[in-house]
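Counted the way our numbering counts, the sequence shown spans residues -1 to 307. Glycine included, every Cβ here is placed at the ideal spot set by N, Cα and C.
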Amino acid sequence: MSVLEDLIRAIELWLRIAKEQVPLVDPSLDPVLLVPGIGGSILEAVDEAGNKERVWVRILAADHECREKLWAQFDASTGKTISVDEKIRITVPEDRYGLYAIDTLDPDLIIGDDSVYYYHDMIVQMIKWGYQEGKTLFGFGYDFRQSNRLSETLDKFSNKLESVYTASGGKKINLITHSMGGLLVKCFMSLHGDVFEKYVKSWVAIAAPFQGAPGYINSGLLNGMSFVEGWQSKFFISKWTMQQLLIECPSIYELLASSTYHWEDTPLLQIWKESLDDNGKKSAILESYEPDEAIKMIQKALSKHEDYL
-1 MSVLEDLIRA IELWLRIAKE QVPLVDPSLD PVLLVPGIGG SILEAVDEAG
49 NKERVWVRIL AADHECREKL WAQFDASTGK TISVDEKIRI TVPEDRYGLY
99 AIDTLDPDLI IGDDSVYYYH DMIVQMIKWG YQEGKTLFGF GYDFRQSNRL
149 SETLDKFSNK LESVYTASGG KKINLITHSM GGLLVKCFMS LHGDVFEKYV
199 KSWVAIAAPF QGAPGYINSG LLNGMSFVEG WQSKFFISKW TMQQLLIECP
249 SIYELLASST YHWEDTPLLQ IWKESLDDNG KKSAILESYE PDEAIKMIQK
299 ALSKHEDYL
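Below, the structure written as structure tokens:
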């Protein structure tokens, strides 16, 4: 019994210490809304019965589930990607005031979980500074496959701004975006400037690809290269599966390099091509294409792409 009593006392002591370490809440802080970039939101597949299953990010059967649940086809009449499986719809969980979907992208992962951290470290640090979930700290996850101008997404963002404003007692919001999240907010600000001005105090855009992200996008469209180093080895999604997903996502094309921007170092699409001389000897030639030419090359390559969906 003494061992059990010692264990109980140790647990009680640990609980007291843990309780003492709970960060103090600073009610004077202005609310912060975190918006992730491409691939930075948990996506769930919901069937006709309402059953939910996380399809991004996951480890078990990741490649299969990506094909079965995340693959979609672009509908030009609506500007939206529609799930290939008509019985499936993709949603973003809103637990923890939107923070759950952008915190750790695979909450079940134990070993190497830092590889799926998105805003996790920032959330932990901000709580230490006195921010409180649901009062001064919020998140906005979204279906990153869709266009950043999709009215459905922008309407949800508008509602999110209003709810954060209300929950914080009428305080204006500090926005923090990462990567493509900056494009989403820029689209919203351009199309709904009055709402933006009403609810937003400041906006910090981290690594926003306002002129595109050609290094990732060109290779992604042409060969399905994963956007984050190690995704294929850690998340078991093949390049081919990724490519089939990407080519139907309008958000990807919105990240192509601007052809009108005056680049200091012009981004180039470089392709090795096989060439034969007059004697039939093979050699490799490196061809380079500037942004406007690159778009034509990508269009040409995808026009011959077999539709596996």
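Cβ neighbours of residue i in the same chain (closer than 6 Å, five flanking residues each side left out)
| i | result |
| --- | --- |
| residue 283 | 271 and 273 |
| residue 162 | 29, 31, 136 and 171 |
| residue 281 | 273 |
| residue 287 | 267 and 295 |
| residue 126 | 21 |
| residue 218 | 244 |
| residue 193 | 156 |
Residue range of the beta strand (DSSP E) that includes residue i
| i | result |
| --- | --- |
| residue 267 | 267 to 274 |
| residue 264 | Segment: none, residue 264 is in no beta strand (DSSP E) and carries neither H nor E. |
| residue 192 | No beta strand (DSSP E) contains residue 192, which is instead part of the alpha helix (DSSP H) from 191 to 197. |
| residue 51 | 50 to 54 |
| residue 73 | 70 to 73 |
Reference residue i; option with closest CA among the options
| i | options | result |
| --- | --- | --- |
| residue 205 | 23, 279, 33 and 54 | 33 |
| residue 254 | 200, 268, 216 and 50 | 216 |
| residue 38 | 139, 173, 240 and 25 | 139 |
| residue 26 | 54, 130 and 46 | 130 |
| residue 267 | 117, 46, 199 and 296 | 296 |
| residue 214 | 244, 40, 89 and 198 | 244 |
| residue 156 | 178, 188 and 264 | 188 |
| residue 128 | 264, 185, 175 and 24 | 24 |
| residue 101 | 259, 121 and 141 | 121 |
Own chain residues within Cβ distance below 7 Å of residue i, not counting five before or after
| i | result |
| --- | --- |
| residue 56 | 63 and 104 |
| residue 132 | 95 and 165 |
| residue 314 | Nothing about residue 314 can be reported from this structure: the residues present for the chain run from -1 to 307 only. |
| residue 298 | none |
Residue range of the alpha helix (DSSP H) that includes residue i
| i | result |
| --- | --- |
| residue 162 | 149 to 165 |
| residue 125 | 118 to 126 |
| residue 100 | Note, residue 100: premise wrong, no alpha helix (DSSP H); not H, not E. |
Closer than 8 Å: residue i CB and nearest the ligand COA heavy atom
| i | result |
| --- | --- |
| residue 29 | The ligand COA is absent from the structure shown, which contains no ligand whatsoever. |
Integer-rounded CB distance, given that residue j should sit under 8 Å from residue i
| i | j | result |
| --- | --- | --- |
| residue 309 | residue 148 | Residue numbering for the chain in the displayed model covers -1 to 307; residue 309 lies beyond these limits and cannot be assessed. |
| residue 197 | residue 159 | 4 Å |
| residue 145 | residue 42 | Wrong, their Cβ atoms sit about 20 Å apart, outside the cutoff. |
| residue 36 | residue 200 | 23 Å between Cβ atoms; not a contact. |
| residue 207 | residue 181 | 7 Å |
Chain-order list of residues whose beta-carbon lies under 8 Å from that of residue i (same chain, five-residue window excluded)
| i | result |
| --- | --- |
| residue 306 | The pLDDT assigned to residue 306 is 45, lower than 50, so where the model puts this residue is not dependable, and the model offers no usable value. |
| residue 124 | 30 and 135 |
| residue 293 | 254 and 257 |
Beta-bridge partners of residue i, as assigned by DSSP
| i | result |
| --- | --- |
| residue 282 | 272 |
| residue 129 | Residue 129 is not bridged to any residue. |
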